[in-house]
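Worksheet: one structure, shown below.
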């Protein structure tokens, strides 16, 4: 390979590494419980994980296309409902007029045909929600994480 091509590829790789680091910093600023984790998940990029008794567990990662994914398990339904209602309003996923805070147990999903983002939510009988939001822009995941963190903080003090 010619030197100028190799130099350009090297610059691109350094820029990509910096973007991944910046994404991790944004994720942890929005949701401080996230910690670096090995091994990496199926996204193949940086993976952050969290677990907190009574609040759930999960991960946030960045794939090799620069899209973010979060997968959270057994998060209190009231906090998820509050966060999602604050971001999209109630009923966006056909969960009812009260949003996920009042959703019946079951599965709810949405696929965005324009961005290829996927949203999957399972409301459990025990008052928790397991959900995955995949292939989303970094700034959108940061917004979701920050809003969920605020909702969980309010529920901690309630």
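Numbering (the numbering used here), first residue to last: 2 to 159.
Cβ atoms here follow ideal geometry from the backbone N, Cα and C, with glycine treated the same way.
All figures in this text were calculated on a predicted structure; none of them were measured in a lab.
Contact between residue 114 and residue 135 does not hold, since the beta-carbon distance rounds to 14 angstroms and is not under 8 angstroms. Runs of the beta strand (DSSP E) spanning 3 or more residues and lying entirely within the segment 20-80 occur at 48-53, 57-63, 69-77, in chain order. The beta carbons of residue 76 and residue 57 sit about 4 angstroms from each other, so the pair counts as a contact at 8 angstroms. Going by DSSP, residue 141 is part of the alpha helix (DSSP H) stretching over 139-158. Here the segment 93-101 does not lie against the segment 135-150, with fewer than 3 beta-carbon pairs under 8 angstroms apart. Using a C-beta cut-off of 8 angstroms, the segment 98-108 makes no contact with the segment 51-69, since fewer than three inter-stretch Cβ pairs fall below that distance. Where residue 107 is concerned, the enclosing beta strand (DSSP E) starts and stops at 107-112.
Annotation for residue 123: the continuous beta strand (DSSP E) segment containing it runs 119-124.
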